[in-house]
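Asker: Protein chains in written order, with this note's numbering: chain A, 8 to 373; chain B, 8 to 373; chain C, 8 to 373; chain D, 8 to 373.
Where is the CB? At the ideal position from N, CA and C, for every residue including glycine.
4 protein chains.
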Amino acid sequence: MAGSTLGIIFQLTTWGESHGAALGVVVDGCPAGLHLEKNDIQTYLNRRKPGQTKISTPRKEADEVQILSGIFEGKTTGTPISMLVPNTSQRSTDYSEIASYYRPGHADYTFDTKYGFRDYRGGGRSSGRETIGRVAAGAIAAKALAEFGIRLCAYTKSIGPIGISMDHFDQTAILETPTAMPDREASLLAEQYLADCMKQYDSAGGVIECVIDGVPAGLGDPVFEKLDADLAKAVMSIGAVKAVEIGDGVDVSLHNGSTNNDPFRIQDGKIIKTSNHAGGILGGISDGSRIILRAHIKPTPSIFTPQETVNKQGEELEISIKGRHDPVIVPRAVVVVESMAAITLLDALLRNASAKMENLKKLYQI
Amino acid sequence: MAGSTLGIIFQLTTWGESHGAALGVVVDGCPAGLHLEKNDIQTYLNRRKPGQTKISTPRKEADEVQILSGIFEGKTTGTPISMLVPNTSQRSTDYSEIASYYRPGHADYTFDTKYGFRDYRGGGRSSGRETIGRVAAGAIAAKALAEFGIRLCAYTKSIGPIGISMDHFDQTAILETPTAMPDREASLLAEQYLADCMKQYDSAGGVIECVIDGVPAGLGDPVFEKLDADLAKAVMSIGAVKAVEIGDGVDVSLHNGSTNNDPFRIQDGKIIKTSNHAGGILGGISDGSRIILRAHIKPTPSIFTPQETVNKQGEELEISIKGRHDPVIVPRAVVVVESMAAITLLDALLRNASAKMENLKKLYQI
Amino acid sequence: MAGSTLGIIFQLTTWGESHGAALGVVVDGCPAGLHLEKNDIQTYLNRRKPGQTKISTPRKEADEVQILSGIFEGKTTGTPISMLVPNTSQRSTDYSEIASYYRPGHADYTFDTKYGFRDYRGGGRSSGRETIGRVAAGAIAAKALAEFGIRLCAYTKSIGPIGISMDHFDQTAILETPTAMPDREASLLAEQYLADCMKQYDSAGGVIECVIDGVPAGLGDPVFEKLDADLAKAVMSIGAVKAVEIGDGVDVSLHNGSTNNDPFRIQDGKIIKTSNHAGGILGGISDGSRIILRAHIKPTPSIFTPQETVNKQGEELEISIKGRHDPVIVPRAVVVVESMAAITLLDALLRNASAKMENLKKLYQI
Amino acid sequence: MAGSTLGIIFQLTTWGESHGAALGVVVDGCPAGLHLEKNDIQTYLNRRKPGQTKISTPRKEADEVQILSGIFEGKTTGTPISMLVPNTSQRSTDYSEIASYYRPGHADYTFDTKYGFRDYRGGGRSSGRETIGRVAAGAIAAKALAEFGIRLCAYTKSIGPIGISMDHFDQTAILETPTAMPDREASLLAEQYLADCMKQYDSAGGVIECVIDGVPAGLGDPVFEKLDADLAKAVMSIGAVKAVEIGDGVDVSLHNGSTNNDPFRIQDGKIIKTSNHAGGILGGISDGSRIILRAHIKPTPSIFTPQETVNKQGEELEISIKGRHDPVIVPRAVVVVESMAAITLLDALLRNASAKMENLKKLYQI
């Protein structure tokens, strides 16, 4: 089944395998007239690039984007934007062994069952490199959203047991710490924790939070295309995400209505909420306050510790995974979460253009 | 924007408002030849019917389904199944006051912003009664899945601070306790807790868990249509859900790879996993073990306690919500979560039919 | 497979069988704030109602529409509009015989092959009564388009060999002649031709033309969602249509570039075309001139003349179809073609709202 | 709006402009396990390549395809197949003049109106080179269909007034004549006709017919996704097509039921039809006989004859189009029509896999 396409109006289609010739994305439905250049995309891609810190895989990839269509004279034309990143660090020999068995925590077994066989090199289509296309598309979405005053900010909230403190929140640290934490102290502790994990040939999980400011009230649709439902799908579709929360998330089940409801008030002549347990979404539609979401990321499944598994022939065996792997997925996934949120928000903003006759009459000058 | 339709092959479209003439659903893409009768639907609908216990709204609704198309000689014909439930307990006078102001925690403000006005009677389209269509469709999906040996079971896992004990798990209790808990002791404690909430004019939240057994490996698609992504969307699209977890969910961020990976082994000649932290899904595709998901439900926003809000004219005011409201949404939402899971699973099963040439050749007898 | 839903933003889902309880449609994505009342729909439905003239089936159907959702205080709310027409003239006994064999020119054989069995009463889902949902949705689309100055006009262009003369074009005649021809003289000739056909227990085909004025330039999308491609699908999806033409249609293959190109000129400060061979669409996008399309309709397949066929058991037999049938489908299909064109146009108009940043900035007041 | 994606299960997304870096397509949803190599695609692409005959543009393009993903060990993996053709013959200077004015019969004016500006080089996205992606995808679809015994054959039926004779039908001639006619005599006449057109600085139109054999009964869905409706959209979405016919097409309006109905009979124990006016489709579903469709193609709009038009500034002017243009689009469009038919058929075949419980039980071995 097709399933590599997301979005209704702003629509992306990703393609490519870890060890194929290239990976890429086609972004269709981007409104015409957005100023866009290669560097807008590259800046985002650089945030997920491997080989940049000691807590990321030593595998180096240039991950340099090529824009092949959809831009003319520095602006989007309204037609599909095709982008491609060549694979340059393909050491397929690393993966010859894993062709035969099923790595625990990976999609090897499920792909073989579904399709009859699989491209086993580096995980093939189920590799984290598939997110290159998402991030390239996310960069465009974020650029478009900025024109409407909408700003996204994602960061690592915790790695294993080490969480950030909101009192130390420093946005500049997100791009400067190897953990993508906005808290330099917590980041040092997390680095220490990861060093310990690596010593034990193990890996760690963590939490990514994404906040979105400047979202006008009214985005999202009331039933199945609720803004929070679309965000949940977009974020859960990132490999390794096992839970998605909106606003107070899992804590709401312990609250009471009196503490969980957000009162409306008037400020500077505008309707605002004096708290934001809802995370900026009511009834599936943005309410004008900050949107807040969190993704819970499982520990990297590729660990050097010996593990029990089976092979294609149905024999039990013990394996030790080799190769170049991140001890934690979280820091490099931060920009992926931000990208998926941007993609979802922009689609909702475009869909909302035709929500009422009043809007349309303004456009068609009736 | 259209947004009342869900699914790619098994596709449902819901319609209707809390106080309109009726609510309903059109289910398209159900395979022909499934035995189906009215009672299959009604049994499911009865599980979400109000007025059945003292912890549910005293508002009585017959909620009797009519099947208008798509069934012939007791079997589905492959054409759309239209189902309708008339609204019989419409006391619109209850809602005259709320037309003017915005209830905290509700979609009143966001609907007005998006559409310019709203059907304010009983929440209109944003009412929990919208889920009638989902449950009617879910009943069909569950019936179809049963033919493939797939069985769903959803239940209340906690209400406020009161959780069930897996040691006391008793499936028959789900349909017999007013809380839909599979633990009769916990249920009594939860009822007491809810009685206390009601005394304080307040409401409670809780957690619903859904487990799905008998799912063959191979359902779900690797990128955006991951089975967990589609489940997350389907469940998050239920009003009041603020978080969705798969398998170990939010706990994975505290785990290490060595404890979170599920080893593969051979049992009775078949590949199985010796643990199930993943909740039955690897790389977005079912792995043959039990699928586990949880939904976190916020407390009912309609509470009798006075609350601060604003009205359409931009004036601040204090309100006390009247009417007939559930002190907790969880027990009646259990069947809604089960329905959304069933709908998602069946669509994945149908989509998977064309995943490989081998399947198709079997069908077209090549 | 689901396939009863059409449109991306303005989206309709039809349901119902000829001899089921009712037929209907859910219209989702209609912009909020459109004034709409039952009579807007009924007027359109009355144009396809049977039993009104001697060249239409004598079967009487009230075909009275019920609106069940999506309208509040006389305006669309932006949520799904569910509409239903009860079946009142069901004489299932008429159809007991046809359960066993396959009528030539009908979908009996193909339904049985596809689904394993079929609702044989009156053609079931493949009956012309399925178009009731299309016409109800088309009435809404036409009403919305009128607010933007877009006006549709469909009529019978020919029945068998009898064609209208553009010199006699009289729009009022469309609703007044039994043939839906805008030429009273031609209509009389066509009635005579049909009377002759009926005497010979035979049926006739014909051509429907639809012209659309006031369409702004810019509707339609350049590749697969070309306005003419969407119109072709919408119109070809009406049972009995075997060809669709845009503008000069089949004649273009005989033209040369010099005679087929439409020159641009300036009139009253606006860009216009001095001819319209293209039928108002260039490169899949409306060019501001009149849109012209034609549908070629096959003769009613239900004829009283004896025909050769086979039955489900694989036996050859000769049949004589009984029952109440139109000698020509064309006059009652005129409003169906107009409806499908309206539905397609409105969807294109809504989709176009997000085509360029300039539009969106106007809307979001940047 | 997004609109560069077609299909529900077998889904293609095309991208690229005439004078951009490359053009391409992503094919998603191709079943896993289909043997596929570069040459399967290249053979198809060569059929639409320019510069091969004197009746095609002298512009040379290598049009050599690169496959970037989705194939492993010579077989499709079930994941997206990304294909790309670099543009090598870009003489943008040819097009500097047309940036300022609107060529009659082209999409220049409509693109400018819709998007605010356009990539004017060689028609940009509205160029016939956009069909490269369609043909690459069509080659895959045709290869897959062949595995089910389904064979497509498209050819030129007429160019201007010169039509083929079915008595002279010679399938080998399709690939050997410059006109793609299956009648060598007619082809010579058509070449002469085109030479005359070129002498007069003019161009010609024509008709393409596509026949499909071996289609099992049961493909297509009864309402909006009728096989003929999907074929009509797919074919009408090719630039320059102005009419689509199925079976007897425009002639049906002159027939009577008694001559237009196709009788069913038994042959070799199987149900067949003794005539095929319907062109292999009844009620939107394939009936097991040959599928027949025709596309009517307008004359190339780029002609050297002086034409009246306007420019962006709203000034009237006379232009003479220069550059390298085909005097007739038809021969190179033959493989495009065949490709669009193949894409549509394969999607219908995949969709049909889940039409009945019986099919699914066979697959899931219940």
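Give me the residue from E345(D), M347(D) and E315(D) with the minimum Cα distance to Y108(D).
Answerer: E315(D)
Asker: Tell me the rounded alpha-carbon separation between L357(B) and T20(B).
Answerer: Near 18 Å, if we compare the C-alpha coordinates of T20(B) and L357(B).
Asker: In chain order, what residues of the segment 126 to 153 of chain D put their CB closer than 7 Å to some CB of chain C?
Answerer: The residues in question are R132, S133 and E137.
Asker: What separation, rounded to the nearest whole angstrom, lies between the Cα atoms of L341(C) and L226(D)?
Answerer: With the sequence shown as reference, residue 341(C) is identified as Val, and Leu is not the correct amino acid for it. Rounded to whole angstroms, the gap between the alpha carbons of V341(C) and L226(D) is 28 Å.
Asker: Alpha carbon to alpha carbon, how far is R297(B) from T186(B)? Give it in angstroms, no decimals.
Answerer: The straight-line gap from Cα to Cα measures roughly 24 Å.
Asker: Can you tell which of P93(C), G40(C), N94(C) and G287(C) has its C-alpha closest to the C-alpha of K82(C)?
Answerer: G40(C)
Asker: So, is S282(A) buried or exposed, given that buried needs 16 or more other C-beta atoms within 10 angstroms?
Answerer: It is exposed - the Cβ of S282(A) has fewer than 16 other Cβ atoms within 10 Å.
Asker: Could you tell me whether any Cβ in chain C is nearer than 8 Å to the Cβ of T20(A)?
Answerer: no
Asker: Does D333(D) have its Cβ less than 8 Å from a Cβ in chain A?
Answerer: Not one chain A Cβ lies under 8 Å of D333(D).
Asker: So, helix, strand or coil for H42(D), using DSSP?
Answerer: strand
Asker: Mark N46(A) as exposed unless 16 or more other C-beta atoms lie within 10 angstroms of its C-beta, in which case mark it buried.
Answerer: exposed
Asker: Is the beta carbon of K249(B) closer than 8 Å to that of D255(A)?
Answerer: yes
Asker: Looking only at C-alpha atoms, which of E44(B), L43(B), P93(B) and I88(B) sits nearest to K67(B)?
Answerer: P93(B)
Asker: For E80(D) and chain B, any beta-carbon pair shorter than 8 Å?
Answerer: no
Asker: Label A69(B) either buried or exposed according to how many other C-beta atoms from any shown protein chain fall within 10 Å of its C-beta, with 16 as the threshold for buried.
Answerer: exposed
Asker: With a threshold of 8 Å between beta-carbons, can G40(D) be considered close to chain B, or not?
Answerer: yes
Asker: When the Cα of M173(A) is compared with those of V344(A), A193(A), H26(A) and D35(A), which residue comes out closest?
Answerer: A193(A)
Asker: Which class does K280(C) belong to by DSSP, given the choice of helix, strand or coil?
Answerer: Strand at K280(C).
Asker: I'd like the span of the beta strand (DSSP E) that includes E137(D), first residue to last.
Answerer: First-last for E137(D): undefined, no H or E at that position.
Asker: Counting Cβ pairs closer than 8 Å, one from the segment 344 to 354 of chain B and one from the segment 12 to 31 of chain D, do we hit at least three?
Answerer: Between the segment 344 to 354 of chain B and the segment 12 to 31 of chain D there are fewer than three C-beta pairs closer than 8 Å, too few to call the two in contact.
Asker: Hey, out of A247(C), A149(C) and M188(C), whose CA is closest to A112(C)'s CA?
Answerer: Looking at the sequence itself, residue 112(C) is Gly, so the reference to Ala does not match. Cα-wise, what sits closest to G112(C) is A247(C).
Asker: Among L75(D), P38(D) and M205(D), which residue has its Cα nearest to the Cα of A360(B)?
Answerer: P38(D)
Asker: Tell me where the beta strand (DSSP E) around D35(A) begins and ends.
Answerer: A29 to D35
Asker: Would you kindly check if the distance between the Cβ of P57(C) and the Cβ of L201(C) is under 8 Å?
Answerer: no
Asker: Within 10 Å of its beta-carbon, does S165(B) have 16 or more other beta-carbons around it, so buried, or fewer, so exposed?
Answerer: buried
Asker: For the segment 151 to 159 of chain B and the segment 121 to 136 of chain B, state whether three or more C-beta atom pairs, one from each stretch, are separated by less than 8 Å.
Answerer: no
Asker: At a Cβ threshold of 8 Å, is D70(D) touching chain A?
Answerer: Chain A contact via Cβ: absent.
Asker: Using Cβ-Cβ distances below 9 Å, what residues of the segment 87 to 120 of chain C are close to chain A?
Answerer: P87
Asker: Let me see if you follow: with CB-CB separation under 8 Å, is N53(B) close to chain D or not?
Answerer: no
Asker: Taking 8 Å as the CB-CB limit, is F155(A) close to chain C?
Answerer: By this cut-off, F155(A) is an interface position.
Asker: Cβ of H289(D) within 8 Å of Cβ of Y116(C)?
Answerer: One detail in the question is off: residue 289(D) reads as Leu in this sequence, not His. Yes, they are a contact pair.
Asker: What residues of chain B sit near A224(D), judged by a beta carbon separation below 7 Å?
Answerer: Simply none; closest approach about 12 Å.
Asker: T307(A) by DSSP, collapsed to three states: which one?
Answerer: coil
Asker: Rounding to the nearest angstrom, what Cα-Cα distance links T312(D) and P270(C) in this structure?
Answerer: 12 Å
Asker: When burial is assigned at 16 or more other CB atoms within 10 Å of the CB, is K240(D) buried or exposed?
Answerer: buried
Asker: One question on the structure: do G123(B) and K233(A) come within less than 8 Å of each other, judged by their Cβ atoms?
Answerer: Taking 8 Å as the cut-off, the Cβ atoms of G123(B) and K233(A) do not count as close.
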